[in-house]
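Position 442 (the sequence shown) corresponds to 1130 in the numbering used here; numbering is contiguous.
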Amino acid sequence: MTAPRAASAATAQLIAQLARDLAQATAGQGHGGKGALVAAASQATGLSRATVYRRLKEFTVQPARRRRSDAGAVSVTRQEALAISAALMQSQRKGGKQLLSVARALDELRCQGLVRCERIHPETGEVRFLSASAVERALRTYGLHPAQLLRPTPCTEMKSLHPNHVWQIDASLCVLYYLSNGQGKGQGKGQKGGCQRGGLQVLEADKFYKNKPRALERVQSERVWRYVVTDHYSGSIFVHYVLGAESALNLAESFIAAINARSVLGAPDPFHGVPFILMMDMGSANTSGLFKNLARRLGVQLMPHAPGNARATGQVEKAQDIVERCFESTLKGQAVGSLQALNLSAYCWARSFNATARHSRHGHTRLHQWLGITPEQLRIAPGVQMCRELLTHEPELRKVSPRLTVEFKGLEYDVRDVPAVSVGEKLRVTYNPYVQEAACIVYTDADGREALHTVPLVQRDEAGFRVDAPVIGQQWASARTTPLQANRQQVEQLGQLPARPPAGASAETGRADPAGGSAAPAARPQPMQLPSELPHSEPLFGRRLAPLRQVREAKLPIPLPKKGQPLPLAAKVVAPTRAERTLTLFEASRELAEHLGAPLEPARLALLRQLCPQGLPESELPAMAERLAARPALRVIASAR
């Protein structure tokens, strides 16, 4: 046993013996009877009295301290605690600095009469103000202390199903560097902060700070922005740098660079593909129509988190910190002459980091976890040029032919499987970024969101017929029923419905049975009677539709007759005249026989020849008929005397 260990063991024995001696010497005595023994032990061991007392606690059983009778009681009301907490929270900075202390807040609120924070002595009745420490304890008791209120709220851990299921993207300004081409405005002599050389420059603290805003303005267009993309399932990281600002175009370029396959120093980077869901913040660039158009065409669901909830995309926020500490910290030791060189270095670092650094969640490297992706989960991007075309491409309207096909870019596509498609309607057609021999139909789903439906290319043989067309005499196939055809059938069935019987009538006869029994069979109902001036048509709705019923039964107001002025004629209207026809004796006798209702007797014929030897004018025919119909009067020829 070494000397230090032996001394420590001897000291422990002395302390143990002292504890036994103290227990015997102070048995039945009060406090103060063990001072001499502790002093002797301190002299023997070379320890201070405080150390001896502290070591004694290791060998003795300490009695439980008696709890105060007013422990846990507070004299501050909850309303007063709320007022004090509100005053403290209003003075809290974003960085966590507390500008207003509890004592100052208590004094100001007491001065304005908003709080009292006092207690009454139970024996003397004296009113005393509570101290700042007592008020602070009351705030913690009520759970209203700023340190308690500023704690993070509970969160729900989310998971993704497979690699490339969910990606997160975020932009951040590179606060340490800017990229200059060596021809900046501040390159002249004597100008501080000027760009004396091209390439990546460091924002030196003595040249760029808040008191020199113009120095930052000179390099504003040369500031470097960093876009970081992470795969939520594996944690893989992709970094892309742009110039200018956080814009929709820079976001689209970074996203296109991330999803397309790339080669780094002659070796392929495994991390690529189109995600199914993309999470990001609610920035104006992220939610712009330009980037939304690209996401819709690629079938990516955009999921921006709520404003102020940055921890929803905490993975990419942590990745920003990793890139800044592990990659950008090494840029001071290398020359970066252009943005392409900076991105090449970033790609090389990201590939190495994904392949070597272990993730704390799954315990593997990020690349190892990402390589578990299946062919169904890996959606290959269509290429950089096609993605850029999809960025601004608007779907084109194409009319559906009777064969249920549409033409797009000189090719014919089958749209028979498109929901609710009908002949003659126009569909919005766009490119299919994943299948070359297919197109996409853009439509609105039941939730009101834009969706894509893939339609195949129509394949034809050397004779120009469809490959899947039925052969005459061997196969039979009818075209599917479109929604318009189904609607037409319903309309035709509705127009042929049988008449609805009135209430209380038999369904077979349509007549009411006064006895309550079954009604006798009746004749088939007749079509409704229409006015003679209305054209008759086939009865609709089982003869329950009365055309123009509202016109005939309308109760219109009867206006009073109005007085008017006769219309003076400017010229006398003369009716056209024609030559009067003269009937022959034969024609006149035939017409007169029809008027009289009997053939003419010889006497009447003789009278007709006597009166009209040259014929009878047609206008005198009625007068002659009356003359012949009259009975001839008796005439006295001679009188006998």
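Glycine included, C-beta positions come from ideal geometry on N, C-alpha and C. On a predicted model such as this, the values are computed, not experimentally measured, just so you know.
Between the Cα of residue i and the Cα atoms of the options, which residue gives the shortest distance?
i: Leu1078; options: Gly1112, Pro1158, Glu1012 and Phe943; result: Phe943
i: Arg950; options: Gly923, Tyr929 and Arg1039; result: Arg1039
i: Leu1299; options: Leu1273, Ala1317, Ser1307 and Leu1284; result: Leu1273
i: Ser922; options: Ala775, Gly1060 and Asn974; result: Gly1060
i: His1056; options: Ala936, Gly961 and His1047; result: His1047
i: Glu746; options: Leu706, Gln780, Ala775 and Leu725; result: Leu706
i: Ala1337; options: Leu1032, Gly1285, Leu861 and Ala1281; result: Since the first residue shown for the chain is 689 and the last is 1329, residue 1337 is missing from the structure and cannot be characterised.
i: Ser976; options: Leu986, Gln1008 and Ala936; result: Ala936
i: Val930; options: Leu861, Glu1005 and Pro995; result: Leu861
i: Ala1313; options: Arg1297, Lys1250, Ala700 and Ala1276; result: Ala1276
i: Asp957; options: Gln989, Thr1001, Arg911 and Arg1054; result: Arg1054
i: Arg1168; options: Arg1104, Ala1127 and His1081; result: Arg1104
i: Pro1063; options: Gln1073, Tyr1122, Pro992 and Leu827; result: Tyr1122
i: Ala775; options: Val762, Ala761, Ala752 and Gln800; result: Gln800
i: Cys1075; options: Lys980, Ala1029 and Ala1157; result: Lys980
i: Pro842; options: Pro1090, Ala1000, Arg1154 and Thr1118; result: Ala1000
i: Gly1152; options: Glu1100, Ser1166 and Thr829; result: Glu1100
i: Pro1141; options: Pro1301, Ser1110 and Asn1120; result: At residue 1141 the sequence reads His, which differs from the Pro that was named. With distances taken between Cα atoms, His1141 lies closest to Asn1120.
i: Leu1145; options: Val823, Gly1098 and Gly734; result: Gly1098
i: Asn1042; options: Ser821, Cys1014 and Glu811; result: Cys1014
i: Cys1128; options: Arg1148, Val1111, Pro1107 and Gly1112; result: Pro1107
i: His928; options: Ala983, Lys847 and Glu1016; result: Glu1016
i: Gly1071; options: Leu982, Gly1112, Val1143 and Thr1093; result: Leu982
i: Val1143; options: Glu1125, Ala822, Glu1268 and Pro1158; result: Glu1125
i: Arg804; options: Pro995, Leu1172, Arg1049 and Arg766; result: Arg766
i: Gln1065; options: Ala1023, Asp919, Leu725 and Val1088; result: Asp919
i: Val917; options: Leu1019, Arg911, Pro834 and Gly1002; result: Gly1002
i: Val749; options: Ser1089, Arg825 and Arg708; result: Arg708
i: Pro1171; options: Gly1112, Leu1255 and Val1155; result: Gly1112
i: Ile925; options: His1081, Val1004 and Leu735; result: Val1004
i: Gln989; options: Glu1138, Arg911 and Lys1020; result: Glu1138
i: Ser1307; options: Glu1268, Ala1291, Ala1318 and Leu1316; result: Glu1268
i: Gly1183; options: Arg1297, Leu1233 and Gln1162; result: Leu1233
With a cut-off of 8 Å on the beta carbons, I'd call residue i and residue j a contact; round off their distance for me.
i: Arg914; j: Val1011; result: 7 Å
i: Leu818; j: Val764; result: 7 Å
i: Trp855; j: Pro963; result: 4 Å
i: Gly961; j: Ala1069; result: 7 Å
i: Leu788; j: Arg781; result: That pair is no contact at about 11 Å.
i: Ala859; j: Glu934; result: 5 Å
i: Arg985; j: Thr844; result: Not a contact, Cβ separation roughly 32 Å.
i: Thr733; j: Leu770; result: Contact doesn't hold; Cβ gap of about 56 Å is too wide.
i: Val762; j: Thr829; result: 5 Å
i: Pro1083; j: Arg1116; result: 4 Å
i: Pro1301; j: Thr1270; result: Not quite, the Cβ-Cβ distance comes to about 12 Å (not below 8 Å), so this is no contact.
i: Val823; j: Ile772; result: 7 Å
Check the DSSP bridge columns for residue i and list the partner residues they point to.
i: Ser1307; result: Note: Ser1307 sits in no beta bridge, so no partner.
i: Ser860; result: Arg914
i: Glu1282; result: According to DSSP, Glu1282 bridges with nothing at all.
i: Arg1331; result: Because the chain is modelled from 689 through 1329, residue 1331 falls outside the range shown and cannot be assessed.
i: Lys1114; result: Lys1087
i: Thr829; result: None; Thr829 has no bridge partner.
i: Leu1271; result: Leu1304
i: Val823; result: According to DSSP, Val823 bridges with nothing at all.
i: Val854; result: Ile965
Hey, is residue i's beta-carbon within less than 9 Å of any beta-carbon in chain D?
i: Ala1045; result: In the displayed structure, chain D is absent; only one protein chain is listed.
*Which ranges does the alpha helix (DSSP H) cover as unbroken runs of at least 4 residues, wholly within the segment 1116–1189, from first to last along the chain?*
List check, alpha helix (DSSP H) in window: 1171–1183.
*Can you find at least 3 beta carbon pairs, one from the segment 844–853 and one from the segment 968–983, that sit closer than 8 Å?*
Using a Cβ-Cβ distance cut-off of 8 Å, the segment 844–853 and the segment 968–983 are not in contact, since fewer than three pairs of beta carbons, one from each stretch, lie closer than that value.
_Pairs of beta-carbons, one from the segment 754–768 and one from the segment 780–796, closer than 8 Å: are there three or more?_
In short, these stretches do not touch, since the Cβ pair count stays below three.
*Is the segment 1031–1047 in contact with the segment 951–965, if contact means three or more CB pairs nearer than 8 Å?*
Put simply, the segment 1031–1047 touches the segment 951–965. At least three CB pairs are less than 8 Å apart.
*What are the complete beta strand (DSSP E) segments, minimum 3 residues, inside the segment 904–968?*
Counting whole runs of 3 or more residues, the segment 904–968 contains the beta strand (DSSP E) stretches 911–919, 925–931 and 965–968.
*For the segment 713–762, list the alpha helix (DSSP H) runs that are entirely contained and at least 4 residues long, ordered along the chain.*
Entirely contained in the segment 713–762, the alpha helix (DSSP H) runs reaching 4 residues are, in chain order, 723–733 and 737–744.
*Using 8 Å as the threshold, is the segment 1169–1178 in touch with the segment 1121–1138, meaning 3 or more CB pairs across them?*
Cβ pair count under 8 Å is below three, so no.
_Runs of beta strand (DSSP E) lying entirely within the segment 1019–1102, each at least 3 residues, in chain order_ = Complete beta strand (DSSP E) runs here, min 3: 1084–1087, 1093–1096 and 1099–1102.
*Identify every run of the alpha helix (DSSP H) within the segment 969–1005, keeping only runs that are complete inside it and at least 4 residues long; order them along the chain.*
977–986, all fully within the segment 969–1005.
*Contact between the segment 1277–1285 and the segment 1239–1253 (3+ Cβ pairs under 8 Å)*: Contact fails: fewer than three Cβ-Cβ distances are below 8 Å.
_Threshold first: 4 residues or longer. Then list the alpha helix (DSSP H) segments lying entirely within the segment 763–790, N to C._
Runs found: 766–778.
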